[in-house]
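These notes are about the structure you will find just below.
Residue numbers (the numbering used here): 521 to 606.
This is the structure in structure tokens:
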């Protein structure tokens, strides 16, 4: 496996995974309030390479939460709108 060169500007959180997760949680908490349990599940799934399906009534900030988490992890965001014919 090829060695990945270190970035020129490493963040302090890059050497401590716990600090990195806390930093992501803090960034998301600036935008989304009251979704701590869901956020923990999303972060855990991302760290182990899993998938997440968010369900809920309209207006509980599911899309905003995922957009914010994607931005915090510097990931792409794509939304799939569910319809009964899928």
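Here a beta-carbon is modelled for each residue, glycine too, at the ideal position from N, C-alpha and C.
Burial state of residue i (16 or more Cβ within 10 Å)
{"i": "residue 577", "result": "exposed"}
For residue i, the nearest candidate out of the options (CA to CA)
{"i": "residue 571", "options": "558, 547 and 536", "result": "558"}
{"i": "residue 545", "options": "598, 599 and 593", "result": "593"}
{"i": "residue 543", "options": "597, 601, 591 and 598", "result": "591"}
Local conformation of residue i per DSSP, three classes
{"i": "residue 559", "result": "helix"}
{"i": "residue 542", "result": "helix"}
{"i": "residue 603", "result": "coil"}
{"i": "residue 566", "result": "helix"}
{"i": "residue 610", "result": "A query on residue 610 cannot be resolved here, the shown segment of the chain reaching from 521 to 606 and no further."}
{"i": "residue 575", "result": "coil"}
{"i": "residue 552", "result": "coil"}
Anticipated Cβ contact below 8 Å, residue i with residue j, distance rounded
{"i": "residue 582", "j": "residue 574", "result": "5 Å"}
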